[in-house]
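K.L.:
My questions all concern the structure below.
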Amino acid sequence: MSTPHLPPKDLMAKLVSFPTVSSETNLPLIDWVSDYLEGHGITPHRWVDPDQPHKAAVFAHVGPDEEGAVVLSGHTDVVPVEGQPWDCDPFEVVERDGKYFGRGTTDMKGFDALAIWALVEAQRVGVSKPLQLALSFDEEVGCTGAPPMIVAMGEVMPKGGPVIVGEPSMMKAVTGHKGGLGYKVHVVGFEVHSSIAYQGVSAVHESAKLINWANEVNDAAAAAEPPEMAALFDPPYTSWHVGTVNGGTAQNITARDCYFEMGYRMVPGDDPAKLDAMWRAEVARVEAQMKAVREEAEIRITPKFDVPALVPEEEGVAEGLARAITGDNGTHVVSYGTEAGHFQTAGYSAVVCGPGDIAQAHQPNEYITVAQFEAGHQFMRDLVARLS
Numbered sequence: 002m003s004t005p006h007l008p009p010k011d012l013m014a015k016l017v018s019f020p021t022v023s024s025e026t027n028l029p030l031i032d033w034v035s036d037y038l039e040g041h042g043i044t045p046h047r048w049v050d051p052d053q054p055h056k057a058a059v060f061a062h063v064g065p066d067e068e069g070a071v072v073l074s075g076h077t078d079v080v081p082v083e084g085q086p087w088d089c090d091p092f093e094v095v096e097r098d099g100k101y102f103g104r105g106t107t108d109m110k111g112f113d114a115l116a117i118w119a120l121v122e123a124q125r126v127g128v129s130k131p132l133q134l135a136l137s138f139d140e141e142v143g144c145t146g147a148p149p150m151i152v153a154m155g156e157v158m159p160k161g162g163p164v165i166v167g168e169p170s171m172m173k174a175v176t177g178h179k180g181g182l183g184y185k186v187h188v189v190g191f192e193v194h195s196s197i198a199y200q201g202v203s204a205v206h207e208s209a210k211l212i213n214w215a216n217e218v219n220d221a222a223a224a225a226e227p228p229e230m231a232a233l234f235d236p237p238y239t240s241w242h243v244g245t246v247n248g249g250t251a252q253n254i255t256a257r258d259c260y261f262e263m264g265y266r267m268v269p270g271d272d273p274a275k276l277d278a279m280w281r282a283e284v285a286r287v288e289a290q291m292k293a294v295r296e297e298a299e300i301r302i303t304p305k306f307d308v309p310a311l312v313p314e315e316e317g318v319a320e321g322l323a324r325a326i327t328g329d330n331g332t333h334v335v336s337y338g339t340e341a342g343h344f345q346t347a348g349y350s351a352v353v354c355g356p357g358d359i360a361q362a363h364q365p366n367e368y369i370t371v372a373q374f375e376a377g378h379q380f381m382r383d384l385v386a387r388l389s
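So the sequence shown is numbered by the working numbering: it starts at 2 and just counts up by one.
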């Protein structure tokens with residue numbers, strides 16, 4: 002019995018039904034996609050994370066066994082739904098008022114479904130130019146699953162050419178985005194009674210110095226005249242941010258421990274080595290002050306993730322392809338990061354172009370409009386036609 006060629010909506014519903022929150026496994030989804038592709042005569046390849054054997058990427062190639070394939074890139078993980086006021090089951094696609102509701106419909110299982118449909122369609126019609134599918138994991142926690150996946154793809158498939166990363170862009174060709182790097186920070190102080198706080202080191206107070214440093218750097222950048230490339234972005238500078246802080250024992254004790262995550266979103270053209278050196282110099286300065294009071298005090302920083310910026314390409318092949326299919330000739334850059342930066346760093350031409358609005362990503366009652374999903378389907382039909 003042959004495997005049916007499912008329409009994109011049915012594929013999206015199936016993908017959304019897997020609760021692939023980044024903290025959980027994505028293997029049931031990977032297994033299903035692999036079986037579905039095999040049912041259509043397509044050989045799937047997977048890369049399992051040795052440090053997280055419950056996580057895997059899947060990728061495949063159809064068409065001539067040659068380099069230069071168009072690569073359709075998506076991620077399989079989604080953000081949590083806990084604490085969000087959903088009106089429906091987040092892991093079931095519900096159509097209402099011209100919208101498809103469900104976790105991941107926009108970010109980005111809607112595109113994943115369209116990409117899977119396109120790969121099977123390309124296999125069915127027998128394209129004369131190759132097409133590849135690449136579905137990663139752990140994008141939502143810093144794009145950490147993409148680099149090993151890209152390496153693994155090159156070991157079993159001919160290297161692709163233009164990469165279309167289908168993050169929601171309203172089917173516009175996004176040619177540049179900010180990069181980012183995150184650090185886990187553990188400030189270790191020395192506990193004393195708060196009445197003699199000067200004899201101890203408060204990890205909370207020292208952390209506050211580092212957090213305020215981010216405010217000062219951001220204020221200085223906002224006041225400066227941005228370079229030409231940076232001026233395209235909102236905000237037009239590299240911005241530093243701390244999202245969570247946790248520390249201390251009680252109000253009357255200087256905190257021994259404080260934990261937070263420092264990170265930045267970097268405009269293309271800034272030097273990550275200089276940014277890293279600037280941050281580490283401030284850490285060293287604050288740590289020296291701490292050790293002057295108690296030698297045991299210290300600051301431990303660990304890199305958490307590193308997302309390269311997507312730099313606009315001169316006559317980029319991926320950009321040209323996306324524009325030729327969509328008819329979009331505008332200039333579009335975004336301040337969020339994607340796996341496109343990793344592909345570009347690995348030597349691919351890359352563009353971000355996918356259905357849906359980024360404003361819906363990560364939201365309760367996440368949705369993609371039927372019109373945007375259909376626009377994505379038309380894009381895939383046109384792409385397969387170009388490869389045939």
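Ideal Cβ positions, reconstructed from N, Cα and C, are used throughout, including at glycine.
Counting beta carbon pairs with one atom in the region 149 to 168 and one in the region 241 to 252, are three or more of them shorter than 8 Å?
P.N.:
Too few Cβ pairs lie closer than 8 Å, so no.
K.L.:
Alpha helix (DSSP H) containing His363: first to last residue?
P.N.:
No alpha helix (DSSP H) holds His363; DSSP gives it neither H nor E.
K.L.:
Out of Val205, Gly42, Tyr368, state which residue places its alpha-carbon closest to the alpha-carbon of Trp87.
P.N.:
Comparing Cα-Cα distances from Trp87 to each of Val205, Gly42, Tyr368, the minimum goes to Tyr368.
K.L.:
Roughly how far, in whole angstroms, is the beta-carbon of Ala298 from the beta-carbon of Val189, given that I think they are within contact range, below 8 Å?
P.N.:
Contact holds; Cβ gap of about 6 Å.
K.L.:
On the CB-based measure, 16 or more other CB atoms within 10 Å of its CB, does Arg286 come out buried or exposed?
P.N.:
Under this definition Arg286 is an exposed residue.
K.L.:
Report buried or exposed for Thr176, applying the criterion of at least 16 other Cβ atoms within 10 angstroms of its Cβ.
P.N.:
Thr176 should be labelled buried.
K.L.:
For the putative contact between Ser78 and Phe19, defined by C-beta atoms under 8 Å, what is the C-beta separation to the nearest angstrom?
P.N.:
Ser is not the amino acid found at residue 78; the sequence shown has Asp there. Wrong, their Cβ atoms sit about 10 Å apart, outside the cutoff.
K.L.:
Do three or more CB pairs link the region 371 to 383 to the region 349 to 361 at distances below 8 Å?
P.N.:
At 8 Å Cβ cutoff, the stretches touch.
K.L.:
Excluding the 5 residues preceding and the 5 following Arg47 in the sequence, name in chain order all residues of the same chain whose CB lies nearer than 8 Å to its CB.
P.N.:
Excluding positions up to five away in sequence, the list reads Ile31, Ser35, Ala57, Ala58, Val59, Phe60.
K.L.:
Could you give the first and the last residue of the continuous beta strand (DSSP E) run that contains Phe306?
P.N.:
Taken as a continuous stretch (DSSP letters only), the beta strand (DSSP E) holding Phe306 covers 299 to 308.
K.L.:
Can you tell me which of the three DSSP states Val202 falls into?
P.N.:
Val202: strand per DSSP, three-state reduction.
K.L.:
Nearest-angstrom Cα distance between Asp11 and Pro309?
P.N.:
Going from the Cα of Asp11 to the Cα of Pro309 covers about 34 Å.
K.L.:
How would you write the range of the beta strand (DSSP E) that Ser137 sits in, first residue to last?
P.N.:
Ser137 -> beta strand (DSSP E) spans 132 to 137.
K.L.:
Between which two residues does the beta strand (DSSP E) harbouring Trp48 extend?
P.N.:
45 to 50 is the extent of the beta strand (DSSP E) around Trp48.
K.L.:
Look at Thr303 and Lys100 and say whether their C-beta atoms are less than 8 Å apart.
P.N.:
No.
K.L.:
Just the Cα atoms here: how many angstroms apart are Pro54 and Pro269?
P.N.:
Rounded to the nearest angstrom, the two C-alpha atoms are 34 Å apart.
K.L.:
Please list, in chain order, all residues of the same chain as Ala1 whose beta carbon is under 7 Å from its beta carbon, the five residues on each side excluded.
P.N.:
Given that the chain is displayed from residue 2 to residue 389, the structure contains no residue 1 and the question cannot be resolved.
K.L.:
Using three-state DSSP, classify Asp272 as helix, strand or coil.
P.N.:
Coil, per DSSP.
K.L.:
In the DSSP output, what is Phe60 paired with across the bridge?
P.N.:
Paired residues: His46, Ala135.
K.L.:
Three or more beta-carbon pairs under 8 Å between the region 67 to 82 and the region 111 to 124, yes or no?
P.N.:
Counting Cβ pairs under 8 Å, three or more are found: they touch.
K.L.:
Tell me whether Lys110 sits in a helix, a strand or coil according to DSSP, three-state version.
P.N.:
In this structure, Lys110 counts as helix in the three-state DSSP scheme.
K.L.:
Pick from Thr106, Gly84, Asn213, Glu296: whose alpha carbon is nearest that of Glu93?
P.N.:
When each option's Cα is compared against that of Glu93, the closest is Thr106.
K.L.:
Can you tell me which of the three DSSP states Ser74 falls into?
P.N.:
It is a strand residue.
K.L.:
List, from N- to C-terminal side, the beta strand (DSSP E) runs of 3 residues or more that fit wholly inside the region 196 to 257.
P.N.:
Listed in chain order, the complete beta strand (DSSP E) runs (minimum 3 residues) inside the region 196 to 257 are 240 to 248.
K.L.:
From the DSSP output, read off the bridge partner residues of Leu7.
P.N.:
None; Leu7 has no bridge partner.
K.L.:
Locate the beta strand (DSSP E) running through Ser350, then write down its first and last residues.
P.N.:
Taken as a continuous stretch (DSSP letters only), the beta strand (DSSP E) holding Ser350 covers 350 to 353.
K.L.:
If you reduce the DSSP assignment to three classes, tell me which class Thr327 lands in.
P.N.:
Helix at Thr327.
K.L.:
DSSP three-state label for Tyr37, please.
P.N.:
Here Tyr37 sits in helix by DSSP.
K.L.:
Comparing alpha-carbon positions, which option in Ala256, Asn27, Ala222 lies nearest Gly146?
P.N.:
Taking only the C-alpha atoms, the option nearest Gly146 is Asn27.
K.L.:
Just tell me which of Asp235, Met13, Glu315 has its CA closest to the CA of Met109.
P.N.:
The shortest Cα separation from Met109 among Asp235, Met13, Glu315 belongs to Met13.
K.L.:
In the DSSP assignment, the alpha helix (DSSP H) including Phe191 goes from what residue to what residue?
P.N.:
Careful: Phe191 lies outside any alpha helix (DSSP H) and carries neither H nor E.
K.L.:
Grouping DSSP H, G and I as helix and E and B as strand, with all else coil, what is Val79?
P.N.:
In the structure shown, Val79 sits in a strand (DSSP, three-state: E or B).
K.L.:
Can you tell me where the beta strand (DSSP E) with Glu96 in it begins and where it stops?
P.N.:
Unbroken beta strand (DSSP E) run through Glu96: 95 to 97.
K.L.:
How many whole angstroms separate the CB atoms of Lys305 and Gly180, which I take to be in contact at a CB cut-off of 8 Å?
P.N.:
Actually they are not in contact, since the Cβ atoms of Lys305 and Gly180 sit about 14 Å apart, beyond 8 Å.
K.L.:
For Val166, which residues from the same chain have a beta carbon less than 6 Å from its beta carbon, with the 5 sequence-adjacent residues on both sides left out?
P.N.:
For Val166, where only same-chain residues beyond five positions count, the Cβ hits under 6 Å are Ser74, Thr339, Glu340, Ala341, Val353.
K.L.:
Grab me the residues of Glu67's own chain with a C-beta within less than 8 Å of its C-beta, minus the 5 sequence neighbours each way, in chain order.
P.N.:
Excluding positions up to five away in sequence, the list reads Pro131, Pro159.
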